[in-house]
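In the working numbering, the protein residues as written are 3 to 114. Glycine included, every Cβ here is placed at the ideal spot set by N, Cα and C.
The following block contains the structure:
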């Protein structure tokens with residue numbers, strides 16, 4: 003499982019949680035199940051709703067196939083989730099993954 007912390011963006015998405023991926027070399031497809039975590043206070047009209055706050059989570063599925071799959075498959079230094087972010091027009095500040103020993107997220111890659 004990955005947690006991707008995002009740079010500020012117009013969509014208000016603060017992070018993406020990748021639940022699983024399904025990769026088929028035979029079909030040349032990769033599918034990611036993920037959740038967009040949206041900070042409500044960053045997308046609401048503060049003048050109309052000054053007390054609006056909270057987090058919303060939207061589950062989605064993204065699929066890479068054809069040339070996009072080939073690009074990822076032949077570029078071992080680029081994570082599949084980086085292609086997802088590019089496709090969504092988002093930029094990450096850090097990518098974290100779960101440490102199997104501690105069960106905690108640890109920073110795996112930063113974008114500095």
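Discussion item. Tell me the residue span of the beta strand (DSSP E) that contains residue 61.
Written reply: 57-67
Item to complete: Please state if the CB of residue 95 and the CB of residue 9 are separated by a distance shorter than 8 Å.
Response: yes
Worksheet item: Who does residue 53 pair with in a DSSP beta bridge?
Response: Bridge partners of residue 53: none, in fact.
Fill in: Nearest-angstrom Cα separation, counted from residue 70 out to residue 19
21 Å
Item to complete: Could you have a look at residue 46 and say whether DSSP puts it in helix, strand or coil?
Response: coil
Worksheet entry | the segment 27-37 touching the segment 95-105, judged by at least three CB pairs closer than 8 Å | no
Worksheet item: So, residue 5 versus residue 17, is the Cβ gap smaller than 8 Å?
Response: yes
Worksheet item: Quick one: Cα of residue 53 to Cα of residue 46, how far?
Response: 10 Å
Item to complete: With distances taken Cα to Cα, identify the nearest neighbour of residue 111 among 90, 82, 91, 63.
Response: 82
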